[in-house]
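Notes to accompany the following structure.
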Amino acid sequence: MAKISRMDDQTSSNFIADHNSGMGPTLLSKKYGFCETSIKNYLHKNNCYVYKNPNAFKKKYSCNDQYFAKINDPIKAYWLGFIITDGCITKNRLAIFLQRRDEGHLELFKSDIQSNGKIIRIKKKAAGIVTKYNKYEFYDQSYLGIYSKILTSDLAKYGVIPNKTYSVKYPKNISPEFHRDFIRGVVDGDGCIYKGKKSQQVGIGIYGTHALLKSIQKILVKNCNVNFNKIIHIKNIYKLTYHGNKSATKICSFLYDGATRFLERKINKILE
């Protein structure tokens with residue numbers, strides 16, 4: 597890991613500016629490659645560690661705090677599904693980390709919730725991957741943080757809470773007319789769509805808790821006339837898969853036809 601004491605003046609200036617704009621030790625560590633303890637010591641030494649300030653978490657950017665008060669249109673339902681699988685709540689902050697190639701999706705979310713927050717580019721260490729030189733591999737990510745007590749409180753009503761990974765259930769207060777939008781968000785957030793290279797058979801996989809997938813499966817069976825496939829337990833998560841042009845294509849059509857919000861690279865895999 598790099599040594600923070602060896603930063604040049606320009607890097608140090610950028611480092612302090614990033615911190616003053618709202619990046620804490622964790623994000624700074626991901627972006628610059630220093631350990632969090634060294635970062636905290638460096639910031640204290642330079643009298644700019646914002647967490648000593650009682651107003652450190654004062655909201656710096658605006659958004660439509662009431663956006664998730666009611667899920668009353670397809671776009672809100674989509675983002676709820678996306679966030680319930682790919683979002684993270686800590687205190688009054690909603691955080692979304694996406695691959696750099698999907699940064700445009702964060703821009704779209706920003707626009708929908710009328711946020712003027714900044715999207716921050718970072719490098720994240722790939723868990724468990726070490727090169728032959730014993731150096732970790734990193735991949736590019738884009739991060740958006742939304743600080744709003746109202747927005748996160750509304751999301752909590754739908755099950756988007758801290759440490760939600762193993763407790764997520766299908767929200768009861770979503771109108772049936774928005775089921776497909778919510779499920780599309782779940783697939784885009786934590787699912788996969790693929791086509792076999794040789795067979796050209798389409799497949800779709802959805803990951804989540806058993807309770808969430810069971811509810812999603814009931815909706816797919818009812819609307820797409822597919823079978824009750826077995827929900828498979830993989831380590832600490834579950835997976836629901838449909839494979840074959842007949843069933844998987846029906847599901848993709850149900851979820852994506854006529855949609856205005858979706859992750860293009862996923863559905864494009866079966867259109868190519």
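FYI, in this note's numbering the residues of the sequence shown are 597 to 868. Cβ atoms here follow ideal geometry from the backbone N, Cα and C, with glycine treated the same way. These numbers come from a predicted model, not from an experiment.
About 5 Å separates the Cβ atoms of isoleucine 718 and glutamine 737, confirming a contact at the 8 Å cut-off. In terms of CA proximity to glycine 799, Cys848 leads the group Phe778, Cys848, Val756 and Asn832. Relative to glycine 792, the option among Phe850, Asn841, Thr805 and Gly629 whose CA is nearest is Asn841. Between the C-alpha atoms of isoleucine 612 and isoleucine 770 there is a straight-line separation of about 43 Å.
Separation of the CB atoms of isoleucine 692 and leucine 740 is rounded to 5 Å, and the pair is thereby assigned contact status at 8 Å. One alpha carbon belongs to glutamate 699, the other to phenylalanine 705, and they sit about 10 Å apart. Rounded to whole angstroms, the separation of the alpha carbons of serine 634 and phenylalanine 850 is 51 Å.
Short of 6 Å from the beta carbon of leucine 751, and not among the five residues preceding or following it, lie these beta carbons of its own chain, in chain order: Phe664. Residues of the same chain with a CB within less than 7 Å of the CB of lysine 626, apart from the 5 flanking positions on each side, are Ile718, Lys719 and Lys720 in chain order.
Under the three-state reduction of DSSP output, isoleucine 770 falls in the coil class, being neither helix nor strand.
If the five residues before and after histidine 701 are omitted, its C-beta is found closer than 7 Å to the C-beta atoms of Leu694 and Leu859, all from its own chain and listed in chain order. With a minimum length of 3 residues, the unbroken runs of beta strand (DSSP E) contained wholly in the stretch 731 to 759 fall at 732 to 743.
Going by beta carbons, threonine 681 and valine 782 fall inside the 8 Å limit.
With distances taken between CA atoms, arginine 602 lies nearest to Tyr628 out of Met619, Gly620, Tyr628 and Lys835.
The DSSP assignment places 843 to 852 as complete runs of the alpha helix (DSSP H) inside the stretch 827 to 862, in order along the chain (cut-off: 4 residues). For glycine 787, the uninterrupted beta strand (DSSP E) run begins and ends at 787 to 791, by DSSP.
With contacts defined as CB atoms closer than 8 Å, leucine 836 and isoleucine 812 qualify as a contacting pair.
Within the same chain, Cβ atoms closer than 7 Å to the Cβ of arginine 780 are found at Tyr674, Gly677, Leu851, Tyr852, Ala855 and Phe858, the five residues on either side in sequence being excluded. In this structure, the alpha-carbon of histidine 806 lies about 10 Å from that of asparagine 832. Per DSSP, alanine 691 is one residue of the beta strand (DSSP E) stretching across 689 to 695. Excluding sequence positions up to five before and after aspartate 784, its CB lies within less than 7 Å of the CB of Phe678, Phe858, Leu859 and Lys862, all in the same chain and listed in chain order.
With contacts defined as CB atoms closer than 8 Å, isoleucine 742 and glycine 713 qualify as a contacting pair. Straight across, the Cα-Cα distance linking serine 609 with lysine 641 is about 14 Å. Within the same chain, and ignoring the five residues on either side of threonine 845 in sequence, the residues whose Cβ sits closer than 7 Å to its Cβ are Val798. Leucine 809 is a Cβ neighbour of tyrosine 834, given a cutoff of 8 Å. In the three-state reduction of the DSSP assignment, lysine 818 falls in the helix class, which pools H, G and I.
The criterion of a C-beta distance shorter than 8 Å is not satisfied by glycine 787 and tyrosine 766. For threonine 805, no beta strand (DSSP E) run applies, since DSSP gives it neither H nor E.
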